[in-house]
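All residue numbers for the sequence shown refer to the UniProt record's numbering, where the first residue is 1 and numbers rise by one.
Report on the following structure.
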Amino acid sequence: MKRNGERCTELAEREDQERRERQERRERQERRERQERERQAKGQACGPVERQVEEMYIDDYYEFNDDY
Numbered sequence: 001m002k003r004n005g006e007r008c009t010e011l012a013e014r015e016d017q018e019r020r021e022r023q024e025r026r027e028r029q030e031r032r033e034r035q036e037r038e039r040q041a042k043g044q045a046c047g048p049v050e051r052q053v054e055e056m057y058i059d060d061y062y063e064f065n066d067d068y
């Protein structure tokens, strides 16, 4: 049978391990969320430029195609 001190040490080690695992999960989740926000921000920054290019193609199409 284990002594009381050994049980307390095992319990403390287990709690420390669980705390570290929770912290790691929290950090991974925060990193994923931050990367997603950055990806969305980058996409929004590119959006207007892409629309401008698309409008230029449309303007060129109508300029060089007299059918419309």
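Don't be surprised by glycine CBs; every beta carbon is placed ideally from N, CA and C.
From Glu54 to Tyr61, what distance separates their C-alpha atoms? Rounded to whole angstroms, Glu54 and Tyr61 show a C-alpha spacing of 11 Å.
Measure the C-alpha to C-alpha separation of Arg34 and Glu15 and round it to an integer number of angstroms. Cα to Cα, Arg34 sits roughly 28 Å from Glu15.
I'd like the list of long-range same chain contacts for Arg31, defined as Cβ closer than 6 Å, with 5 residues on each side in sequence excluded. Taken in chain order, the list of residues that qualify is empty.
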